[in-house]
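S.K.:
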Amino acid sequence: MRELNKIVAKVLSIDEIKVNDSLTMKNTEQWDSFNHLLLISEIEKELGITFSIQEVEKIKSFRDLREIVSGKGR
Amino acid sequence: MSIKTDETNKKLSISDYFSLYKKLRNSKNFGKNKKSIKIALLSSFTANGIKEALFVKCSELGINCDFYVGGYNQYSQEILDKNSGLHKFKPDLAILFIDARSIFGNNYLLPYNIDENRRKRFVEEKLNEIIPLTEKLKSDSTAKILLHNFEIPQFSPLGILENKQKFGFVESVEALNSELRDTFKNDEQVFVFDYDAFCSKIGKNNAIDYKMYYLGDMKLNLQYIPELCNEYMAYIKPLMSLAKKCIVLDLDNTLWGGIIGEDGLEGIKLGPTPEGRPFMEFQQYLLSLFNRGVILAINSKNNYDDAIEVFRKHPHMALKEDNFAAMQINWNDKIENMKALAEELSVGVDSFVFIDDDKANRQMIREAFPEINVVEMPEDSSLYLNKLMDINDFNTLQITEEDKKRGHMYVQQRKRTEFQKSATDLTEFLKSLNMVVTAEKANKFNIPRISQLTQKTNQFNMTTRRYMEEDIKKFSEDKNSLVFSVKVEDKFGDNGITGAAIVKKGKDAWSIDTFLLSCRIIGRKVEETLLAYIAREAKKAGAKRITAEFIPTKKNSVAKEFYKNSGFNMAKKENEKEVWEYDLKEDYKFPDFIKFVEK
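Sequence order for the protein chains is A and S.
With the first sequence counted from 1, adding 26 to any position gets you the working numbering.
With the second sequence counted from 1, adding 244 to any position gets you the working numbering.
#1: Relative to the C-alpha of Glu368 of chain S, which residue among S:Val655, S:Ser422, S:Tyr826, S:Gln409 is closest?
#2: Does DSSP classify Met608 of chain S as helix, strand or coil?
#3: Could you give the C-beta distance for Phe613 of chain S and Met582 of chain S, rounded to a whole number, given that I count them as a contact under 8 Å?
#4: Considering only residues of the region 354 to 422 of chain S, which uninterrupted beta strand (DSSP E) runs meet the minimum length of 3 residues and lie entirely inside it, listed in chain order?
#5: Mind pulling the alpha helix (DSSP H) runs of 4 or more residues that sit fully within the region 726 to 793 of chain S?
#6: Cβ atoms of Lys282 of chain S and Asn343 of chain S: under 7 Å apart, would you say?
#7: Would you check if the region 527 to 547 of chain S and the region 482 to 495 of chain S touch, i.e. whether three or more CB-CB distances between them fall below 8 Å?
#8: What's the gap between the Cα of Lys84 of chain A and the Cα of Lys578 of chain S?
#9: Helix, strand or coil for Phe837 of chain S, going by three-state DSSP, please let me know.
#10: My output table needs one value for Gly315 of chain S: the three-state DSSP class, helix, strand or coil.
#11: Chain A partners of Gln358 of chain S, CB-CB under 8 Å?
#12: Mapping the DSSP letters down to three states, classify Gly511 of chain S as helix, strand or coil.
#13: Using the beta-carbon of each residue, which ones in chain S are nearer than 7 Å to Lys71 of chain A?
#14: Would you say the beta carbon of Thr707 of chain S comes nearer than 6 Å to a heavy atom of the ligand ADP?
#15: Give me the Cβ distance between Ala815 of chain S and Thr797 of chain S, rounded to the nearest whole Å; I'm assuming they're in contact under 8 Å.
#16: If you run the structure through DSSP and keep just helix, strand and coil, what is Tyr826 of chain S?
#17: Please classify Arg362 of chain S as buried or exposed, where buried requires at least 16 other C-beta atoms within 10 Å of its C-beta.
#18: Which word fits Thr252 of chain S, buried or exposed, when buried means at least 16 other C-beta atoms lie within 10 angstroms of its C-beta?
#19: Have a look at Lys71 of chain A and Leu305 of chain S and give me their C-alpha separation to the nearest angstrom.
#20: Given that Glu68 of chain A touches chain S, what residues does it touch there, using C-beta distances under 7 Å?
#21: Suppose only complete runs of 3+ residues qualify. What are the beta strand (DSSP E) ranges in the region 644 to 700 of chain S, listed by chain order?
#22: Using beta carbons (cut-off 7 Å, strictly below), is Leu298 of chain S in contact with chain A?
#23: Relative to chain S, which residues along the region 78 to 98 of chain A have a C-beta separation below 8 Å, given in chain order?
#24: Label Glu662 of chain S either buried or exposed according to how many other C-beta atoms from any shown protein chain fall within 10 Å of its C-beta, with 16 as the threshold for buried.
#25: Expressed to the nearest angstrom, what Euclidean distance is found between the alpha-carbon atoms of Ile323 of chain S and Lys481 of chain S?
#26: Classify Val518 of chain S: buried if its beta carbon has 16 or more other beta carbons within 10 angstroms, exposed otherwise.
#27: Output the residue ranges of the alpha helix (DSSP H) runs that lie fully inside the region 287 to 342 of chain S and measure 4 residues or longer, sorted by chain position.
#28: Here's a check: name, in chain order, each residue in its chain whose Cβ is nearer than 6 Å to the Cβ of Gly737 of chain S, leaving out the five neighbours to either side.
#29: Go ahead and label Trp575 of chain S buried or exposed: buried means 16 or more other beta carbons lie within 10 angstroms of its beta carbon, across all protein chains shown.
#30: Does Ser45 of chain A have its Cβ less than 7 Å from a Cβ in chain S?
#31: Going by CA-CA distance only, name the one from S:Phe555, S:Ala569, S:Leu483, S:Lys718 that's closest to Gly508 of chain S.
#32: Beta carbon of Val680 of chain S, beta carbon of Lys833 of chain S: below 7 Å?
#33: Give a yes or no on whether the minimum CB-CB distance between Leu459 of chain S and chain A is below 7 Å.
#34: Using the Cβ count rule (16 or more neighbours within 10 Å means buried), how would you classify Glu721 of chain S?
#35: Going by C-alpha distance, which of S:Gly447, S:Leu486, S:Ala478 is nearest Gln467 of chain S?
#36: Taking a contact to mean a Cβ-Cβ separation below 7 Å, would you say Lys410 of chain S touches Glu360 of chain S in this structure?
Shown next as structure tokens:
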């Protein structure tokens with residue numbers, strides 16, 4: 027999962043240490059709707075997985091993201 | 245902060261560009277590059293990422309990039325309203341990116357809800373919006389305009405019968421594209437960007453990421469934005485005078501497989517075999533670059549005789565000795581050779597692209613000459629051709645006949661120099677060249693070249709006045725001006741148009757406003773021939789004298805003594821500017837070994 031944390035940190039321009047389950051779209055200014063899509067696009071590319079449109083809409087926090095990614099075997 | 249994104253073959257992802265963009269914006273060197281460009285992006289959807297990726301790519305080349313992004317789908321208003329943000333911004337380059345979905349609206353997925361006639365009318369209507377809009381932008385701005393064409397759809401509700409329709413859906417998009425291309429074919433300000441070809445290149449199935457399209461109205465997959473920007477760079481480089489002129493090539497494992505010194509003429513891989521074909525085709529494409537005007541040169545560690553034998557004897561060499569303007573084939577180090585090539589060709593190393601299969605050599609050259617584009621060649625020679633095709637450094641925004649011939653002319657120059665070395669007496673040498681100098685009054689064919697020469701000529705340029713095509717045209721229409729170009733031919737070939745002059749005809753005195761020659765021609769009495777021509781014409785018109793200025797610059801010292809050595813007297817000196825005079829009582833003689841033709 028280190029890779030996932032790295033991507034999140036890069037896209038949202040935050041320290042990797044701050045990437046944890048408490049991170050949400052609501053409490054993170056940079057995590058706007060565009061960066062959300064950028065994040066999804068980068069994760070798909072780097073980890074070789076795909077999200078459904080419903081999943082993308084459902085993800086509101088790092089925890090949601092982590093759970094869905096691990097559900098895909100990564 | 246300097247960044248090179250192509251030093252390794254690892255492709256950066258779009259988010260890397262976003263990060264680099266932030267870093268560069270916050271670095272203390274932000275905005276301190278020598279060159280600057282203002283780019284406006286007008287699009288029919290929210291095209292995020294283009295600004296960031298272009299900014300980074302421009303920074304790599306030392307260009308500050310100021311960006312204006314038009315409002316979402318506001319391109320018409322932006323163009324039509326003279327007080328819009330777009331016009332206030334005054335872009336150097338305006339990208340007009342309208343996508344097929346936006347323009348077709350509901351007809352995109354329901355193309356056959358309207359009949360053939362209405363489909364035709366629809367295309368006409370759209371052309372009647374886009375073309376006048378582009379013309380309007382053109383007339384209200386000096387920007388070069390990059391007008392996207394439309395992605396040709398790869399689907400049809402009619403399936404295999406699509407091509408049987410009268411003015412079908414696919415055909416209607418093709419018609420749009422071909423009309424746009426034809427409309428702007430000869431336009432110097434508007435360039436139709438082949439977005440359809442770009443989509444084909446990346447694969448139309450990849451071009452759109454449906455999820456992102458539904459979620460964020462992205463008409464192009466974010467991950468392909470950097471590649472799109474690469475295509476835009478092909479226009480930005482010549483616009484910023486950063487186009488390259490010359491490819492410097494290694495030999496072993498670059499032009500052929502194997503090492504000539506070890507494998508011998510029969511052993512190297514080159515020709516119609518699985519391992520030989522990649523090198524053969526690589527050479528063929530280099531040859532076609534040469535034919536469009538790119539100069540070729542060699543920088544190789546080899547025994548000269550071994551290497552030259554390949555050029556002379558190998559049946560599958562597409563490139564011959566005659567395609568190379570300079571060759572450094574020896575055991576000197578490649579850095580020294582590179583300097584020698586620059587000197588021999590009298591071009592700066594900043595106009596070089598270097599191709600070498602050896603990683604260490606590439607690194608060495610990159611460190612010694614950061615201004616050279618060192619191509620990161622793939623390990624596998626089967627990928628060479630594609631890598632070569634991807635280099636977009638040689639573009640010019642317009643191509644003159646001289647540009648196309650440049651590769652050839654540099655080769656002729658090498659032969660001339662070799663011949664001169666073997667000649668002992670300069671006059672004898674010049675006589676044996678059988679030179680023909682043609683002066684041609686400005687006309688629509690040579691005006692672009694005359695303007696280009698005033699822009700580019702630095703050394704033998706008496707006044708270094710830079711003129712746009714429009715200026716030259718005005719001079720040529722003024723009956724009190726004499727404007728002409730100069731073409732030089734000799735037994736080695738045609739040098740093309742390599743000189744020009746602008747003379748203002750006064751009653752008593754004719755004054756030379758501009759007098760310039762390309763440096764590869766000077767010292768061959770062509771300059772005297774032109775003075776003789778001007779003097780003859782002036783005398784014919786009844787003038788008593790010729791006045792001529794010399795304005796010194798950092799680069800034109802070679803021309804400093806010219807008027808003095810040509811029998812002119814200094815009339816006055818104002819600051820740096822010298823004014824010289826020639827009394828027409830005495831005829832100015834044409835050099836007798838040059839044939840002069842007036843057109």
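In this text, a Cβ means the ideal position worked out from N, Cα and C, and glycines have one as well.
M.R.: Reading off the structure:
#1: Considering only alpha carbons, the answer is S:Ser422.
#2: Met608 of chain S falls in the helix class under three-state DSSP.
#3: At roughly 7 Å, the Cβ-Cβ gap stays under 8 Å, so Phe613 of chain S and Met582 of chain S are in contact.
#4: Fully enclosed beta strand (DSSP E) runs of 3 or longer: 388 to 392.
#5: Taking only runs of at least 4 residues, the alpha helix (DSSP H) segments lying wholly in the region 726 to 793 of chain S are 770 to 784.
#6: It should be noted that the sequence gives Asp, not Asn, for residue 343 of chain S. No.
#7: At 8 Å Cβ cutoff, the stretches touch.
#8: Cα to Cα, the separation comes out at about 58 Å.
#9: DSSP places Phe837 of chain S in coil when its eight states are reduced to three.
#10: Reduced to three states, the DSSP call for Gly315 of chain S is coil.
#11: The residue you asked about is not Gln; residue 358 of chain S is Ile in the sequence shown. Going along chain A, no residue has its Cβ under 8 Å from Ile358 of chain S, so there is no contact; the nearest lies around 31 Å.
#12: Taken through DSSP and simplified to helix, strand or coil, Gly511 of chain S comes out as helix.
#13: Under the 7 Å cutoff, chain S gives Ser257, Gln467.
#14: This structure lacks the ligand ADP; in fact it carries no ligand of any kind.
#15: About 21 Å separates the two Cβ atoms, so there is no contact after all.
#16: Looking at Tyr826 of chain S - three-state DSSP - the assignment turns out to be strand.
#17: By the Cβ neighbour-count rule, Arg362 of chain S is exposed, with fewer than 16 other Cβ atoms within 10 Å of its own.
#18: Model confidence at Thr252 of chain S stands at a pLDDT of 45, short of 50, so the residue's coordinates are unreliable; what they give is reported in the following sentence. Label assigned to Thr252 of chain S: exposed.
#19: The straight-line gap from Cα to Cα measures roughly 28 Å.
#20: Within chain S, the residues Ser257, Ser259 have their CB atoms less than 7 Å from the CB of Glu68 of chain A, given in chain order.
#21: The beta strand (DSSP E) runs of length 3 or more contained entirely in the region 644 to 700 of chain S are, from start to end of the chain, 680 to 685.
#22: No, its Cβ sits nowhere closer than 7 Å to a Cβ of chain A.
#23: Result list: Ser78, Ile79, Val82, Glu83.
#24: Exposed is the call here.
#25: Going from the Cα of Ile323 of chain S to the Cα of Lys481 of chain S covers about 25 Å.
#26: Sequence check: residue 518 of chain S is Pro here, not Val. With fewer than 16 other Cβ atoms inside 10 Å of its own Cβ, Pro518 of chain S counts as exposed.
#27: As far as the region 287 to 342 of chain S is concerned, its whole alpha helix (DSSP H) runs of at least 4 residues are 294 to 304, 319 to 324, 329 to 333.
#28: Taken in chain order, the residues that qualify are Gln656.
#29: Flag for Trp575 of chain S reads exposed.
#30: It should be pointed out that residue 45 of chain A corresponds to Val in this sequence rather than to Ser. Not an interface residue.
#31: Taking only the C-alpha atoms, the option nearest Gly508 of chain S is S:Phe555.
#32: It is not a contact, given that the beta carbons lie outside the stated cut-off.
#33: For Leu459 of chain S, at least one C-beta of chain A is nearer than 7 Å to its own C-beta.
#34: Exposed: under 16 other Cβ atoms inside 10 Å.
#35: The option with the nearest alpha carbon to Gln467 of chain S is S:Gly447.
#36: Remark: C-beta atoms of Lys410 of chain S and Glu360 of chain S approach each other more closely than 7 Å.
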